[in-house]
Structures are given as C-alpha cells and as structure tokens.
Amino acid sequence: MSERKLRGTIIGAGFFAGFQAEGWQRIPGVEIVAVADPRIERAREFASRFSIPRVYAEAEALLQGEQPDFVDIVTRPDSHLPLVELAASHRVQIICQKPMAPTWKECVAMVEHCQRADVRLLIHENWRWQPWYREVKKLIDGEVFGRIFHFGFCLRNGDGRGEELYTVQPYFREMPRLLIYETLVHSGRRSGLGRIGLLRFGQNQNAEH
300 MSERKLRGTI IGAGFFAGFQ AEGWQRIPGV EIVAVADPRI ERAREFASRF
350 SIPRVYAEAE ALLQGEQPDF VDIVTRPDSH LPLVELAASH RVQIICQKPM
400 APTWKECVAM VEHCQRADVR LLIHENWRWQ PWYREVKKLI DGEVFGRIFH
450 FGFCLRNGDG RGEELYTVQP YFREMPRLLI YETLVHSGRR SGLGRIGLLR
500 FGQNQNAEH
C-alpha cells in the first residue's frame, strides 16, 4: 500500500507563489489541492498553470473546505500575522514566505500563536541553503581562509522582476541614459534609499526615504 500524500494548500497566487508551486510539484509525497487569492481570476489562472484542482477567494474558506495538512503562505509581509493566526486556529502546519513580518512584535505574536495551537511555523528563508552559501560555510568552518576580516558577495540571479520590470521603479523610464542605470532596479528596491537614492542625489535631486 502506498503512503498517503500530504495535502497542501497555497495562499497567494502572485509571482513568487509560482516558485513554491513548482517546488511542491517535485516532491512525490505532496499534492497541492487548492489555492486562495482575493483576485479570483488570478487564482484560477494560477491553478490552471500548476494543475491545482480547486480555487478560493478567501483563506478562511480554503482552510475550512480543504482541512489540509499544511498551508504555504506566499503573500505580502503585512498579511502574514493574521494569516498565520488563522491557519493556527485551524491546527494546520504553516510555511510562511520571507520576510516574516514588518515588525519584531508581529514576529513574536506569530510564534506565540503557533505555540499555543501546537503547530509548526516554518519561515521560508531559502538563501542559507543555496549551494554556494553552503560551500562557503564549509570552507569557513574548515578554517581554509584563516581569520576573516571582510567578506562580500554579489550575484545577479535574474529572478524577482516579473513581467513589468520598470513599473517597480517608474522613475527610471524618464531617466537620462537609462541603459547605464537599468541594472540597479532590484537592488535599489531592496535597499530602500540604496543606489536609486544615490543616483538621484548625484543628479542634484532630493532622495526621499
């Protein structure tokens, strides 16, 4: 007799949810049975793309209707606390996308909700598991480098852009010599002021945080 597959669900059908769905499809012991997103047409398109049988507009309806083994929350950080609280109230194991929450207080609340409900809360912090980081960690632990005073790492992995790259930073569309600066879109968004602010400061423009 074959073992029962774990029944998983996904909350959020945006860009990064696709990476999660692809990952779950590679695991023989898991099946994603439903997806929820307030934008129901987006949820339907997502379900069609990844052969997910059912769609919901609300997370509550998904959890009540499916009673899954786990839920993968792939939504905006400011939605994580209420969604984790909701899933924990249904005694569902939880995977939550990074960043965990906007504030330390919310992070603590998420952990406490799951402790009271006796469910697991896993934060999808994937970078530490990338093979190049694991190799560097192994070299450091093996004292191959000796005493380390400074370490820097930079890569261009090509993800996170979506279909409309320049809507992320519409300022660039009217910027002189766009070709020179276009590669800084993603790193600038990550760093707040970052390089975008630096470029605007260099053009004698106010850089707002």
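Throughout the sequence shown, residue numbering follows the working numbering, covering 300 to 508 in sequence. All residues carry an ideal CB built from backbone N, CA and C; glycine is no exception.
The beta strand (DSSP E) enclosing residue i, as first and last residue numbers
{"i": "residue 392", "result": "392 to 396"}
{"i": "residue 354", "result": "353 to 355"}
Boundaries of the alpha helix (DSSP H) in which residue i is found, first to last residue
{"i": "residue 440", "result": "430 to 440"}
{"i": "residue 339", "result": "339 to 348"}
{"i": "residue 406", "result": "403 to 416"}
{"i": "residue 381", "result": "379 to 388"}
{"i": "residue 302", "result": "From DSSP, residue 302 is part of no alpha helix (DSSP H); its letter is neither H nor E."}
{"i": "residue 445", "result": "Looking at the DSSP string, residue 445 is not in any alpha helix (DSSP H), and its letter there is neither H nor E."}
{"i": "residue 322", "result": "316 to 324"}
{"i": "residue 364", "result": "358 to 365"}
Per DSSP, cross-strand counterpart(s) of residue i
{"i": "residue 308", "result": "333, 370"}
{"i": "residue 423", "result": "396"}
Sub-9 Å separation of residue i and residue j beta-carbons
{"i": "residue 384", "j": "residue 412", "result": "yes"}
{"i": "residue 345", "j": "residue 316", "result": "yes"}
{"i": "residue 294", "j": "residue 329", "result": "Since the first residue of the chain shown is 300 and the last is 508, residue 294 is not available in this structure."}
{"i": "residue 333", "j": "residue 302", "result": "no"}
{"i": "residue 331", "j": "residue 349", "result": "yes"}
{"i": "residue 319", "j": "residue 423", "result": "yes"}
Residues of its chain near residue i, where Cβ-Cβ distance is below 8 Å and the 5 sequence neighbours each way are ignored
{"i": "residue 379", "result": "372, 395, 396, 399, 400, 405, 409"}
{"i": "residue 362", "result": "308, 370, 385, 386, 389, 391"}
{"i": "residue 337", "result": "356, 357"}
{"i": "residue 425", "result": "397"}
{"i": "residue 322", "result": "none"}
{"i": "residue 313", "result": "336, 341, 373, 374"}
7 Å CB neighbourhood of residue i in its chain, flanking five on each side removed
{"i": "residue 392", "result": "368, 369, 418, 419"}
{"i": "residue 358", "result": "310, 335, 382, 385"}
{"i": "residue 343", "result": "354"}
{"i": "residue 438", "result": "444"}
{"i": "residue 304", "result": "328, 329, 330"}
{"i": "residue 450", "result": "none"}
Neighbourhood of residue i by C-beta distance below 6 Å, restricted to the same chain and skipping five residues each side
{"i": "residue 300", "result": "Residue confidence is low: residue 300 scores 48 on pLDDT, short of 50, so the model does not pin down where it sits. No coordinate-derived value is stated."}
{"i": "residue 421", "result": "394"}
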